[in-house]
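Residues in the sequence shown are numbered consecutively from 672, following the numbering used here.
Every residue gets a Cβ at the ideal spot worked out from N, C-alpha and C, and that includes glycine.
Heads up: the structure comes next, in structure tokens.
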Amino acid sequence: MKYIDEYRNKVLVDNLVYGIRKEVSRKWTIMEICGGQTHSILKYNLLQILPAEITLIHGPGCPVCVTPVNRIDQAIVLGGLSNVMLTSFGDMLRVPGSTSDLLSVKALGGDVRFVYSPLEVLDLAEKNPEKEVVFFAVGFETTAPAVAMTVKQARNRKLKNFSVLVSHVLVPPAIEALLDSEESRIDGFLAAGHVCTVMGTSEYIPIAKKHKVPIVVTGFEPLDILIGIYEVVKMLEKGRYGVKNAYTRSVRDEGNQAAQELLREVFETTQSEWRGIGFIPASGLKLSGEYMEFDALNRFQLDVPSTVSIGACIAGKILTGQQKPADCSEFRVRCTPEKPLGAPMVSTEGACAAYYRYHRTTVSTL
Ligand code: SF4
């Protein structure tokens, strides 16, 4: 297939749903990791057309959603400093910290700007030598290589007024943490095709073996997702586990080795906090010693107290698939995309925003 419309073809969708119906003989719970997949599932009404035996639950793969409150608070403090220009992707400006957000800091006169690419920030640093220009870097293995490239270029360009507030996280340790949880009821996973395009599929093999689960790498169009579900169900019904790549138009088993090399050079893994989930060992990235001069935390010595949770927001339970947005008492009540109380309502990849936008029932489908 060559065109995006073909991955939304109703006849092919119906055929795949029929195929899933023929395979399934009992209840299975499947988690799609990525928020982009969650949005497609809601947008194309896949929850309604799948057989009742299949329960889809939504995972933590929304970069804005999992950025911890404390890191937002650190960005807010930086954005309020008179000598700092704080830059980030647009969604981050609206994510609530413990008492405020970056958009409010901007409204109060802070030099807070959104950018489309981290490389733009280097030009801002060059043009504003009187400012300390900080990039607030969030996201998974998909966005981290561009940030690694930016840091390398900052060094090549001898920029002394540029630094990064790093909040990158990694998918495989999060899958492990979900499976290790006593509350886990996940039978199989749809892994995120864009993450695997960068990292390949090998990291998932030991996880699938250890926990005896099928992990199928797939994409973001309705047919991609249904093929992923079909493959997971076939493996589950046959009692098989392992990793299957169902997104071969983008993912190679070895991934993008140049990007991986860049990540290894600029970053090292570290324990990281995930919003609403807690600390997960080796699930984050920090700048390696060679690039420590560009670490904003190192440069500014911020002392921002940790915050455990925000009010009634149940983001942690949403991000681990234990509950769905309709289970939150604030959903559509005090929490809306215009006035989000939690990160999953802000981001275009957040489950709460997806349910608000596309899902008409307010009854939990868990
Ligand atoms: S609806 Fe709002 S308050 Fe409730 S979990 Fe989602 S983001 Fe948090």
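Nearest to residue i (by Cα), restricted to the options the options
i           : options              : result
residue 850 : 776, 716, 701        : 701
residue 732 : 809, 973, 682        : 809
residue 764 : 819, 781, 752, 987   : 781
residue 712 : 693, 684, 692, 695   : 684
residue 960 : 788, 938, 948, 815   : 938
residue 736 : 987, 968, 797, 827   : 987
residue 805 : 915, 966, 813        : 966
residue 792 : 823, 722, 729        : 823
residue 833 : 777, 795, 862        : 795
residue 694 : 681, 718, 724        : 724
residue 745 : 797, 776, 734, 1009  : 776
residue 739 : 1003, 977, 1017, 983 : 977
residue 953 : 839, 710, 779        : 839
residue 767 : 887, 972, 1009       : 1009
residue 690 : 1002, 962, 900       : 900
residue 828 : 835, 797, 708        : 797
residue 947 : 975, 1013, 860       : 1013
residue 957 : 752, 974, 936        : 936
residue 962 : 896, 779, 934, 710   : 934
residue 919 : 932, 873, 912, 895   : 895
residue 974 : 682, 941, 707, 747   : 747
Buried versus exposed, by CB contacts within 10 Å (16 or more), residue i
i           : result
residue 995 : buried
residue 950 : exposed
residue 892 : buried
residue 773 : buried
residue 910 : exposed
residue 770 : exposed
residue 787 : exposed
residue 758 : buried
residue 874 : buried
residue 675 : exposed
residue 972 : exposed
residue 778 : exposed
residue 681 : exposed
residue 915 : buried
Alpha carbon of residue i to alpha carbon of residue j, nearest angstrom
i            : j            : result
residue 883  : residue 902  : 15 Å
residue 756  : residue 1024 : 29 Å
residue 727  : residue 943  : 27 Å
residue 799  : residue 785  : 16 Å
residue 925  : residue 904  : 25 Å
residue 677  : residue 688  : 16 Å
residue 741  : residue 697  : 42 Å
residue 819  : residue 801  : 24 Å
residue 964  : residue 970  : 7 Å
residue 1027 : residue 1019 : 11 Å
residue 1039 : residue 814  : The requested residue 1039 is not part of the displayed model; the chain covers only 672 to 1037.
residue 1075 : residue 1000 : As shown, the chain starts at 672 and ends at 1037. That puts residue 1075 outside it, with no answer to give.
residue 762  : residue 1011 : 12 Å
residue 879  : residue 907  : 12 Å
residue 719  : residue 871  : 32 Å
residue 846  : residue 921  : 22 Å
residue 704  : residue 729  : 6 Å
residue 1017 : residue 929  : 32 Å
residue 830  : residue 717  : 48 Å
residue 968  : residue 835  : 8 Å
residue 672  : residue 860  : 25 Å
residue 760  : residue 783  : 11 Å
residue 844  : residue 710  : 23 Å
residue 665  : residue 1005 : Summary: the structure shown does not reach residue 665, with the chain confined to residues 672 through 1037, and so no result is reported for it.
Spatial neighbours of residue i in its chain, beta-carbon cut-off 8 Å, leaving aside the 5 residues before and after
i            : result
residue 1035 : Summary for residue 1035: the model assigns pLDDT 47, below 50, so the residue's position carries little reliability; its value from the coordinates is reported in the next sentence. Once the five neighbours on either side are set aside, the close Cβ partners of residue 1035 are 994, 995, 997, 998.
residue 852  : 991
residue 811  : 732, 734, 839, 840, 841, 842, 863, 866
residue 877  : none
residue 722  : 688, 691, 692, 695
residue 1037 : Any answer about residue 1037 is weak, because its pLDDT of 47 lies below 50 and its placement is not dependable; what the coordinates show is given next. The answer, listed in chain order, is 726, 728, 994, 995, 998.
7 Å Cβ shell around residue i - same chain, five flanking residues per side excluded
i           : result
residue 898 : 687, 889, 917
residue 856 : 700
residue 923 : 871
Close beta carbons around residue i, own chain, < 6 Å, minus the five adjacent residues each side
i            : result
residue 789  : 806, 817, 818, 821
residue 803  : 754, 755, 832
residue 1015 : 736, 986, 989, 1021, 1022, 1023
residue 749  : 755, 757, 805
residue 927  : 869
residue 715  : 893
residue 886  : 860, 862, 875, 879, 914
Any non-hydrogen atom of the ligand FMN within 7 Å of residue i CB
i            : result
residue 1001 : The ligand FMN is not among the ligands present in this structure, which contains only the ligand SF4.
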